[in-house]
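Quick notes on the structure that follows.
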Amino acid sequence: MKKLLTAAASIALVSALSISAVAADKLKVGFIYIGPPGDHGWTYQHDQGRQAIDTRFGDQVETVFVENVPEGPDAERTITRLARQGAGLIFTTSFGYMDPTLKVAAKFPDVKFEHATGYKRTDNVSTYSSRFYEGRYVIGQIAAKTSKTGVAGYIGSFPIPEVVRGINAFLLGAQTVNPDFKLKVVWVNSWFDPGREADAAKVLISQGADIITQHTDSTAAVQVAEEQGVNAFGQASDMAAFAPNALLTSIIDNWADYYIARTQAVLDGSWVSTDTFGGMDANMVNIGPFINMPADVKAEAEATVAAIISGKLHPFAGPIYKQDGSLAAAAGETIDLGTLLGMDWYVQGVDDKL
Amino acid sequence: MSPYEAILLTIITASTPLLLAAIGELVVERSGVLNLGIEGMMVMGAVCGFAAAHVTGSAWLGVLAATFAGIATSLLFGLLTQTLITNQVATGLAITLLGLGLSGLIGSGFVGLPGVKLANVSIPWLSDLPYVGRLIFGQDPLVYISIVLTVGVAYVLNNTRVGLIIRAVGQNHHSAHALGYRVVAVRYACIAFGGATSGLAGAYLSLVYTPQWIENMTAGRGWIALALVVFSTWLPERLAAGAYLFGGVWILGLYAQGMGIGIPSQLLSALPYIATILALVIISTNRRLSVINTPASLGQGFVPDR
Numbered sequence: 152m153k154k155l156l157t158a159a160a161s162i163a164l165v166s167a168l169s170i171s172a173v174a175a176d177k178l179k180v181g182f183i184y185i186g187p188p189g190d191h192g193w194t195y196q197h198d199q200g201r202q203a204i205d206t207r208f209g210d211q212v213e214t215v216f217v218e219n220v221p222e223g224p225d226a227e228r229t230i231t232r233l234a235r236q237g238a239g240l241i242f243t244t245s246f247g248y249m250d251p252t253l254k255v256a257a258k259f260p261d262v263k264f265e266h267a268t269g270y271k272r273t274d275n276v277s278t279y280s281s282r283f284y285e286g287r288y289v290i291g292q293i294a295a296k297t298s299k300t301g302v303a304g305y306i307g308s309f310p311i312p313e314v315v316r317g318i319n320a321f322l323l324g325a326q327t328v329n330p331d332f333k334l335k336v337v338w339v340n341s342w343f344d345p346g347r348e349a350d351a352a353k354v355l356i357s358q359g360a361d362i363i364t365q366h367t368d369s370t371a372a373v374q375v376a377e378e379q380g381v382n383a384f385g386q387a388s389d390m391a392a393f394a395p396n397a398l399l400t401s402i403i404d405n406w407a408d409y410y411i412a413r414t415q416a417v418l419d420g421s422w423v424s425t426d427t428f429g430g431m432d433a434n435m436v437n438i439g440p441f442i443n444m445p446a447d448v449k450a451e452a453e454a455t456v457a458a459i460i461s462g463k464l465h466p467f468a469g470p471i472y473k474q475d476g477s478l479a480a481a482a483g484e485t486i487d488l489g490t491l492l493g494m495d496w497y498v499q500g501v502d503d504k505l
Numbered sequence: 012m013s014p015y016e017a018i019l020l021t022i023i024t025a026s027t028p029l030l031l032a033a034i035g036e037l038v039v040e041r042s043g044v045l046n047l048g049i050e051g052m053m054v055m056g057a058v059c060g061f062a063a064a065h066v067t068g069s070a071w072l073g074v075l076a077a078t079f080a081g082i083a084t085s086l087l088f089g090l091l092t093q094t095l096i097t098n099q100v101a102t103g104l105a106i107t108l109l110g111l112g113l114s115g116l117i118g119s120g121f122v123g124l125p126g127v128k129l130a131n132v133s134i135p136w137l138s139d140l141p142y143v144g145r146l147i148f149g150q151d152p153l154v155y156i157s158i159v160l161t162v163g164v165a166y167v168l169n170n171t172r173v174g175l176i177i178r179a180v181g182q183n184h185h186s187a188h189a190l191g192y193r194v195v196a197v198r199y200a201c202i203a204f205g206g207a208t209s210g211l212a213g214a215y216l217s218l219v220y221t222p223q224w225i226e227n228m229t230a231g232r233g234w235i236a237l238a239l240v241v242f243s244t245w246l247p248e249r250l251a252a253g254a255y256l257f258g259g260v261w262i263l264g265l266y267a268q269g270m271g272i273g274i275p276s277q278l279l280s281a282l283p284y285i286a287t288i289l290a291l292v293i294i295s296t297n298r299r300l301s302v303i304n305t306p307a308s309l310g311q312g313f314v315p316d317r
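Residue numbers (my numbering), protein chains in the order written: chain A, 152 to 505; chain B, 12 to 317.
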């Protein structure tokens, strides 16, 4: 029996060695996804980025991904497994992977890690995110122009700065058109639960919202909007196919350029830990086609997009008041990056409490 | 539509898949079998229902396909636990994992395709009655099926010979065997029934709730259904109350948020679970009742000794 075990062990060792010998000349890039690539939202766009790496680098690079990884201890185990399997670069694509990513990174100093939407960095952990709020500002303006009831419904995932920032930007955009615009917020405490997202959309519509927007990952809410005859915006990915009559436009995340650049950096040996926060100007946030809206609304939305790209317009330019009435930024000031990244307060007019 | 109608309609939509999945599991557990594979059977029902409806264009064929997918998955569980006497807990978990994985594979070609929605019942005049028309006479057919199933299960378990046999098998399989009942056959039938209702629950998600196929779209509802069975102390009428309580607290939590009352959303999201646990604690204070109802042979494999 003992002999058998030794034989088995040596076979395993030899095969492991031969695998790593083959893998050595190929960079393995790993991805951890919070949902399935088929969500047609957040994870879908990350997977498009992964496929862009495949297309660009061909045989030089091998990509692997693990889908539906819950945030928490499971994530640590999964990231560790990818690192053990010889991945040289690992993208962890959800906020809740922050601490697990740092823990694993400390154990694998030679592996490069990229954590999306987080704020903790070390020598081998970079962070990256997009200025989604620029898109939120644009759709907020469109919402205020097209809404008849003057009330929009916002489906939130978790009350973290990234989501709160989006809610504030949406309302600030809407207030440029209608200072009395109301925003109702419902949190579903999940990134991906189509049923709950649909429930939340129904609840918001029955409370008078005729525009639905969401910071969750599935297409359920826009489908409810289509069914009930109100308008909606796509999130993360172009969702026009799911609500051809209800959708006004979509905020589209574009990770492909960033993923290709970072993979190239690892291949060149020029990778260093950094923080990237790209917006419309860097082509990391795109706005989908403007549909189902009058020509003048479309023209103004296009003008806003152009102004944000050129830097003339900053969604968080003052004067901005917090919900409690205190001044967050005076006229002529802009809320600084640090405050934006840690945003834990609402602007005036949000019909919800944090 | 008045707001209160909208609230009630949303509550019914949120509760029905839980009730469908749980009522089958209740029968399964009453026969002494613990099937933790509800989530797997549900998600198989959801994908097969969506696929069949999309290909044929008929939502009813989708419902039929979902039912059979649920039965097929449950019979695999039956084969393993009843014929091969594997551990029921481990096998149930394996069925859940298998269902989630296999459904993703089957459904990979159906992601993002337009779904077919099962039409609501419309009875001339009655469905248009003010206030109660949509609620009582204008639901989708699966809501009525779930209620008929609940009443039917309660009746069969309490008032018929078949129900007596199922309960006997669940209470003491050796005695039932000695009396000449075919324990394994009875359990197979109950497992298949559980598979059928779980498949229906899956069809509810992919043909009514959110008419589309998305991987993992059950999102843990199978586990809630499982908890509800225990919560109900294996009584169908309590199970229905529990399912509507859970759905009701969940939807009212969303309403409270939308009205901007200012209760932390995390607390509101936890409320359905808290309410269910509280109810469980209160019920279990009556020890006699829970002991009487708990199937004594629950989770034990049966090997006929002769």
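The beta-carbon is built from N, C-alpha and C at its ideal position, and this holds for glycine as well.
Listed as beta-bridge partners of residue 216/A by DSSP are 182/A. In this structure, DSSP gives residue 281/A an extended state, which the three-state scheme calls strand. Among the CB atoms of chain B, none fall inside 8 Å of the CB of residue 196/A.
In terms of beta-carbon proximity, residue 398/A stays away from the interface with chain B, with every pair separated by 8 Å or more. Contiguous alpha helix (DSSP H) elements confined to the region 445-476 of chain A occur at 446-461, taking only those with 4 or more residues.
Here the region 404-418 of chain A makes no contact with the region 288-298 of chain A; the two share fewer than three CB pairs at distances below 8 Å. Taking 8 Å as the upper bound for CB-CB distance, residue 164/B and residue 180/B are not in contact here, some 16 Å apart. Identification of residues in the region 313-333 of chain A having a C-beta nearer than 9 Å to some C-beta of chain B yields an empty set. By the Cβ criterion, the region 471-490 of chain A is not in contact with the region 111-130 of chain B, since fewer than three pairs of Cβ atoms, one from each stretch, lie closer than 8 Å. In this chain, the beta strand (DSSP E) harbouring residue 399/A covers 398-404. According to DSSP, residue pairing for residue 386/A in a beta bridge involves 402/A. Listed by position along chain B, the residues whose Cβ is nearer than 7 Å to that of residue 355/A are 269. When the five nearest sequence neighbours on each side are left out, the beta carbons in the same chain lying within less than 8 Å of the beta carbon of residue 57/B are those of 77, 114, 213, 214, 216, 217, 224, 228, 229, in order along the chain.
For a cut-off of 8 Å, the C-beta gap from residue 322/A to residue 500/A is around 6 Å, short enough to register as a contact. The region 205-266 of chain B is shown to contain whole alpha helix (DSSP H) runs of 4 or more residues at 232-242, in chain order. Classified as exposed, residue 147/B has fewer than 16 neighbouring CB atoms from the shown chains inside 10 Å of its CB. Using beta-carbon distances, residue 496/A does not count as an interface residue toward chain B, since no partner is under 8 Å. The Cβ atoms of residue 216/A and residue 198/A sit closer than 8 Å to each other. Chain order gives no chain B residues near residue 416/A, where near means a beta carbon separation below 9 Å; the closest approach is about 32 Å. Using a Cβ-Cβ cut-off of 7 Å, residue 144/B is close to nothing in chain A; its nearest Cβ partner there is about 17 Å away.
The criterion of a C-beta distance shorter than 8 Å is satisfied by residue 267/A and residue 242/A.
Per DSSP, residue 430/A lies in no alpha helix (DSSP H) and is assigned neither H nor E. Taking 8 Å as the cut-off, the beta carbon of residue 343/A is found closer than this to the beta carbon of residue 186/A.
Judged by DSSP secondary structure, residue 305/B falls outside any alpha helix (DSSP H); it is assigned neither H nor E.
Residue 197/A sits in a helix when the DSSP states are folded into three classes.
The alpha-carbon of residue 361/A is positioned some 24 Å away from that of residue 150/B. Around the beta carbon of residue 31/B, 16 or more other beta carbons sit within 10 angstroms, so the residue counts as buried. Note that the C-beta distance between residue 384/A and residue 306/A is not below 8 Å.
Between residue 399/A and residue 437/A, the CB-CB gap reaches or exceeds 8 Å. Take the alpha-carbon of residue 270/A and the one of residue 199/B: they are about 54 Å apart. For residue 267/A, the uninterrupted beta strand (DSSP E) run begins and ends at 263-267, by DSSP. Under the three-pair Cβ rule at 8 Å, the region 284-304 of chain B counts as touching the region 240-258 of chain B. Taking residue 306/B as reference, the option from 166/B, 42/B, 24/B, 265/B with the minimal CA-CA separation is 42/B. Here the alpha carbon of residue 478/A sits roughly 41 Å from the alpha carbon of residue 257/A.
Of all residues in the region 23-35 of chain B, those with a C-beta nearer than 9 Å to a C-beta of chain A are 24, 25, 28, reading in chain order. Secondary structure at residue 411/A: helix, using DSSP grouped into helix, strand and coil.
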